[in-house]
Every structure is written in C-alpha cells, then in structure tokens.
Amino acid sequence: MKFALLLTFTVAVAALAQDQVVPAKVAWGDEAPGDGFEIVGGQEAQFGRHRYVVGIKKSPVGETFCGGSLIAPNVVLTAAHCLDGVVPSVVVGTHYLTGFADGELANVTEKIKHPNGTDVGIIILDHNISITQPVAVSFEFVPADVLTWVRGWGNIWHNGPPSRVLKEVSVTTWNNTRASAALNRYRRVTDTMLGAGVEGENSCHGDSGGPLTIEENGTVRLVGVVSWGFKCGLLDTPGIYERVSAARAFIEPYLPN
Numbered sequence: 001m002k003f004a005l006l007l008t009f010t011v012a013v014a015a016l017a018q019d020q021v022v023p024a025k026v027a028w029g030d031e032a033p034g035d036g037f038e039i040v041g042g043q044e045a046q047f048g049r050h051r052y053v054v055g056i057k058k059s060p061v062g063e064t065f066c067g068g069s070l071i072a073p074n075v076v077l078t079a080a081h082c083l084d085g086v087v088p089s090v091v092v093g094t095h096y097l098t099g100f101a102d103g104e105l106a107n108v109t110e111k112i113k114h115p116n117g118t119d120v121g122i123i124i125l126d127h128n129i130s131i132t133q134p135v136a137v138s139f140e141f142v143p144a145d146v147l148t149w150v151r152g153w154g155n156i157w158h159n160g161p162p163s164r165v166l167k168e169v170s171v172t173t174w175n176n177t178r179a180s181a182a183l184n185r186y187r188r189v190t191d192t193m194l195g196a197g198v199e200g201e202n203s204c205h206g207d208s209g210g211p212l213t214i215e216e217n218g219t220v221r222l223v224g225v226v227s228w229g230f231k232c233g234l235l236d237t238p239g240i241y242e243r244v245s246a247a248r249a250f251i252e253p254y255l256p257n
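Counting from 1, one number per residue, gives the positions in the sequence shown under UniProt numbering.
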C-alpha cells in the first residue's frame, strides 16, 4: 500500500543506492518473487465494506496511483505529495485498481496542500458523493501499541506490482522515539508523524494518501494518512503516517457541520 510504506519519493545516499525511502501506497499478503521472501499478513478487503476509501487517478479508466478517504460528501483527505502534478479525477467506493464501474467517479475542482508542509492535502470534488457516507474523522492522539488498519492498492512487495483489488492489513503503532531510531538514518520522523507496522505487514508504494483507521465495537475512525517509509514491511522498520490530530486546524473546516 502508498506506504510509500511511505511516500514522497526520497532516495538514500549513493552508498545506499539500493535502499530507497519511498512514498507510501498500500498492498499486502503476497509472495515475493524469486527469493522466497514472503510479505506476510493482510488480505483482500471485503467487497463493498470500506467504500469511503478513494482511488486517485490520472484518468477515469486508469490505475489508482494514490489513495484517499472521503471525509465529507465532496471532500477527500489524502497525502499532500499525491497532489503534485495533474489530478483530474477520483473514484470513491471501488474495489478495483482500474476503472470505476463499481464506484462513483468524480472530477477534481480544487486541491489544497497543508500550508506548513505537513504531508496531508484536501481534494474538493465537483459533486456530493451518493454511493457511501464519509468516514468518521478522529482528532485523538494515537499512542504506541494501538491496533490500526491500512487499506489500498499499493505494491504487493517492494518494487513489485500493485494489487488489482483493495487490500488491507492490521498494523500496530510505534512510539515516536522508537520510530525515529529506526528511520532517522533515512529521514527525520517529526511529531506530526506516526509509525506503524511489523515485519512483512505494512503499506507500500502506491498506498500513499490512504487511510489509517482504528476499528472497534463496529466503528471506524480515521486517525492517519499513509505518508512514507523505507522499502515495505521490513523487520524493525515502521511505515510512517501523518497524524490527523496534528493537522486538525487544516482538516476541520472541511468536515460536515
């Protein structure tokens, strides 16, 4: 998933040329080619259950390149780096990487990045979505050791192909001290960020912008946005998400009253 397990493509120093810090874009659970390494955990999401998940596309019939979440009838929350370049359309509620037959297609009328460089952004759609309700947004601070979920169509292993269907995986959150120790060699982990993941289970390139949620007692709360990471699902290396709580002043004006 655009865990890019991480996002905004950042390349490590030349001595680490094979080790890339990548923008997140989600997908899981498939066997890696050749070397027998397996991305363990995760599965295809239940069809039609998570329709607030959004696919951002360069053309209506093309592949999703970033994820997002419907947070108001005509508003999508995603990663700011997903808004670079042309973003003409989104599909809400689809299960598939390509096309829009089972979802609702909308054109993008405006895209807004967080003014302070935090990796979150807003997409305004040309009409209210009728196929599903927006996901509940929570501004709670998420501590370590919380079970969360991430969904998307990102690569099914590092540098592998994207998933053709919406996939999901549960990941446990890290405290920022531990996440910083694991990733500061490649990129700084700030207070606006949240690490999550275990070996073989995390978001990946193509999942960027997608939702990180807490799900309990039949409720779903959006608490993070897939942002960036180092490769995908490595041992002792979390994926990084932007905390919704850290961008409250930016996000809240776009929520339904």
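All residues carry an ideal CB built from backbone N, CA and C; glycine is no exception. Just so we're clear, the structure is a prediction, and the values are computed from it rather than from any experiment.
Cα-Cα separation, residue i to residue j
i: residue 258; j: serine 170; result: No answer is possible for residue 258: it lies beyond the span of the chain, which begins at 1 and ends at 257.
i: arginine 178; j: alanine 101; result: 43 Å
i: glycine 154; j: valine 120; result: 18 Å
i: asparagine 184; j: threonine 192; result: 15 Å
i: glutamate 242; j: glycine 160; result: 24 Å
i: tryptophan 174; j: valine 76; result: 26 Å
i: glycine 93; j: valine 53; result: 6 Å
i: isoleucine 156; j: proline 162; result: 6 Å
i: glycine 209; j: arginine 164; result: 18 Å
i: leucine 83; j: glutamate 104; result: 20 Å
i: glycine 117; j: isoleucine 71; result: 21 Å
i: glutamine 43; j: phenylalanine 250; result: 33 Å
i: proline 253; j: aspartate 145; result: 30 Å
i: proline 143; j: asparagine 217; result: 19 Å
Contacting residues, own chain, Cβ-Cβ under 8 Å from residue i (five flanking each side not counted)
i: alanine 136; result: Thr219, Val220, Arg221, Leu222
Supposed close pair residue i, residue j - CB separation, criterion 8 Å
i: valine 225; j: threonine 78; result: 7 Å
Selection from the options that minimises the alpha carbon distance to residue i
i: tyrosine 96; options: Cys66, Pro88, Thr173, Ala182; result: Cys66
i: alanine 80; options: Gly103, Gln43, Ala247; result: Ala247
i: phenylalanine 141; options: Asn176, Thr132, Asp207, Trp228; result: Asn176
i: glycine 48; options: Val86, Leu166, Asn257, Gly121; result: Leu166
i: asparagine 74; options: His50, Gly152, Ala196, Leu125; result: Leu125
i: proline 88; options: Ser163, Pro60, Gly152; result: Pro60
i: lysine 57; options: Ile123, Lys113, Gln133; result: Ile123
i: threonine 109; options: Asn128, Ser227, Gly117; result: Asn128
i: proline 256; options: Thr64, Glu44, Gln133; result: Gln133
i: lysine 113; options: Phe139, Ile131, Gly85; result: Gly85
i: serine 227; options: Tyr254, Arg187, Pro253, Ser130; result: Arg187
i: glycine 62; options: Gly68, Val91, Ala45, Glu44; result: Val91
i: lysine 111; options: Ile131, Gly68, Thr172; result: Gly68
i: proline 211; options: Ile240, Thr172, Arg151; result: Arg151
i: threonine 172; options: Thr98, Ile240, Arg51; result: Ile240
As assigned by DSSP and simplified to three states, the class of residue i
i: arginine 185; result: coil
i: leucine 16; result: The pLDDT assigned to leucine 16 is 34, lower than 50, so where the model puts this residue is not dependable; a value taken from the coordinates is nonetheless given after this. Reduced to three states, the DSSP call for leucine 16 is helix.
i: asparagine 257; result: coil
i: valine 142; result: coil
i: arginine 49; result: coil
i: leucine 212; result: strand
i: valine 86; result: coil
i: threonine 64; result: strand
i: asparagine 116; result: coil
i: isoleucine 251; result: helix
i: asparagine 128; result: coil
i: serine 245; result: helix
i: alanine 72; result: strand
Cβ of residue i within 8 Å of any chain B Cβ
i: alanine 72; result: Absent here is chain B; the protein component of the structure consists of one chain.
Own chain, CB closer than 6 Å to residue i, minus 5 neighbours either side, in chain order
i: isoleucine 214; result: Thr148, Arg221, Val223
i: proline 238; result: Trp174, Ala179, Gly195, Ala196, Gly197
Near the ligand SAM: residue i beta-carbon under 7 Å from a heavy atom
i: serine 180; result: Looking at this structure, you won't find the ligand SAM or any other ligand, since it has none at all.
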